[in-house]
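S.K.: When we follow our numbering, the leftmost residue of the sequence shown carries the number 341, and every step to the right adds one.
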Amino acid sequence: MPQMGLGTWKIDKSTCADVIVSAAKAGYRHFDCACDYGNEKEVGQGLRRIIEEGIATRDELWITSKLWNTYHAAEHVQPACEKTLSDLGLDYVDLYLIHFPIALKFVPFDDRYPPEWFYDPGAAQPGLVTESVSIRETWEAMEKLVDAGLAKNIGVCNFGVSLIRDLLTYARIRPSVLQVELHPLLTQEKLLRYCATEQMAVTAFSSFGAESYYALGMAQPTESLIKHDVVTKIAAASGKSPAQVLLRWAVQRGTIVIPKASSQGHLEQNAAIFDFELTSDQMAQLSALDIGRRFNDPGDFCEAAFNTFFPIYD
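This is the structure we're talking about:
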């Protein structure tokens, strides 16, 4: 699994295929996707061009996708994966993740795809409608994807230690990867240490912290890591950009990074993080910024955006 990948959340459909091809030309071989991002068909168009133009073979690519909350029941897991594969134009994904430890009521593909969070957006008071589906039921269906050759590896997103511990008591196929929010304001030291003991790789999303969340009303510009004094001073001393410093901090911690980018300049800049190292003092300065600030928290955004209080973290 390449340590540098391209996150496809919020890449506009109109430019998505071109961005995927540009990323491949810049050296990217790892693409992080999801049903919920609503652009897997366009990602698939880009992947097809990569292969047809001889930029990379399928075997050289690592494609991750994710099972959405409405498809947790055992009978819906494989059809959801097959829908993703159809959209991506692939026979298999390299990694398939449970997107959230949240089971919502099933929405048929023909009714709405991707289904997003509301069960009935047209209701007088729309909200989340949950289903009584255990993580065990979902995981056992995920394991069958590996058996069927539809996913090479399976894993989880947005899980904490307790949920992973429980999952490991019954998992026939252990989770290969945990994907979680990680940046200097949310270092999650204990979670990283635990995953290392269980030999689970960790993918960090939102490596730039607040940057992805301004437009969603989930962060304030005053929370910027890109403009934080500690980050900018280290960037100046290293001759690198603040974004490169944040990504370098993440990979030196042993995590995989999947920053989103659309322009050629940002694609190339984000990838250029393997020709320098941060000193132990610089790493410590960045880690000392930790205040437990989680931007992607269903306990906050589900109530604000979807009229439903739905915490999953303590």
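Cβ atoms here follow ideal geometry from the backbone N, Cα and C, with glycine treated the same way. On a predicted model such as this, the values are computed, not experimentally measured, just so you know.
For VAL542, report the span of its alpha helix (DSSP H) as first-last.
M.R.: Numbered from its first residue, the sequence shown carries residue 542 at position 202. Not the alpha helix (DSSP H): VAL542 falls in the beta strand (DSSP E), residues 541 to 545.
S.K.: Which stretch, first to last residue, makes up the beta strand (DSSP E) that contains GLY495?
M.R.: Residue mapping note: residue 495 aligns to position 155 of the sequence shown, counting from 1. Per DSSP, the continuous beta strand (DSSP E) segment holding GLY495 begins and ends at 494 to 497.
S.K.: Can you have a look at LEU508 and say buried or exposed, based on whether 16 or more other CB atoms are within 10 angstroms of its CB?
M.R.: Translated into positions along the sequence shown, residue 508 becomes position 168. Residue burial annotation: LEU508 is exposed, with fewer than 16 other C-beta atoms found within 10 angstroms of its C-beta.
S.K.: Is it buried or exposed for SER547, if we count other Cβ within 10 angstroms and need 16 for buried?
M.R.: Translated into positions along the sequence shown, residue 547 becomes position 207. Buried, by the Cβ-count rule.
S.K.: Report the option in ASN636, VAL571, MET482 whose CA atom is closest to the CA atom of ALA628.
M.R.: For this step, residue 628 is matched to residue 288 along the sequence shown. Relative to ALA628, the option among ASN636, VAL571, MET482 whose CA is nearest is VAL571.
S.K.: Under a three-way DSSP split, which group does LYS406 fall into?
M.R.: As a position in the sequence shown, residue 406 is number 66, starting the count at 1. In the structure shown, LYS406 sits in a strand (DSSP, three-state: E or B).
S.K.: For a quick check, are the C-beta atoms of ARG389 and VAL359 less than 8 Å apart?
M.R.: By 1-based counting over the sequence shown, the position of residue 389 is 49. By 1-based counting over the sequence shown, the position of residue 359 is 19. Cβ atoms of ARG389 and VAL359: not closer than 8 Å.
S.K.: Mapping the DSSP letters down to three states, classify ALA550 as helix, strand or coil.
M.R.: Position 210 of the sequence shown, counted from the start, is the residue given in the question as residue 550. Correct three-state label for ALA550: helix.
S.K.: Since CYS375 contacts ALA443 with CB under 8 Å, what's their CB separation in whole angstroms?
M.R.: Here residue 375 is taken as the residue at index 35 of the sequence shown, counted from 1. Here residue 443 is taken as the residue at index 103 of the sequence shown, counted from 1. Contact flag wrong, Cβ pair sits at about 15 Å.
S.K.: When we look at the beta-carbon of ARG588 and count the other beta-carbons within 10 Å, is it buried (16 or more) or exposed?
M.R.: For the purposes of this step, residue 588 is taken as residue 248 along the sequence shown, with counting starting at 1. Buried: at least 16 other Cβ atoms inside 10 Å.
S.K.: On the DSSP bridge assignment, give the partners of GLN519 in chain order.
M.R.: By one-based count along the sequence shown, residue 519 stands at place 179. GLN519 is bridged to CYS497, THR543.
S.K.: DSSP state of ALA488, grouped into three classes?
M.R.: Reading the sequence shown from its first residue, position 148 is the one you call residue 488. Coil.
S.K.: Compute the distance between the beta-carbons of LEU425 and HIS523, then report whether it is under 8 Å.
M.R.: Indexing the sequence shown from 1 puts residue 425 at position 85. Indexing the sequence shown from 1 puts residue 523 at position 183. Their beta carbons are not under 8 Å apart, which means LEU425 does not touch HIS523 by this criterion.
S.K.: Could you tell me which of ASP615, LYS600, GLU617, GLY605 sits nearest to GLU551, measuring between CA atoms?
M.R.: Position 211 of the sequence shown, counted from the first residue, corresponds to residue 551. Minimum Cα distance to GLU551 is reached at LYS600.
S.K.: Compute the beta-carbon to beta-carbon distance between LEU525 and ASP630, rounded to the nearest angstrom, for a pair I have assumed lies under 8 Å.
M.R.: On the sequence shown, residue 525 is found 185 positions in, with the first residue counted as 1. On the sequence shown, residue 630 is found 290 positions in, with the first residue counted as 1. LEU525 to ASP630, Cβ: 6 Å. Contact.
S.K.: Tell me the rounded alpha-carbon separation between PHE650 and GLY500.
M.R.: The count along the sequence shown starts at 1 and reaches residue 650 at position 310. The count along the sequence shown starts at 1 and reaches residue 500 at position 160. C-alpha separation (whole angstroms): 16 Å.
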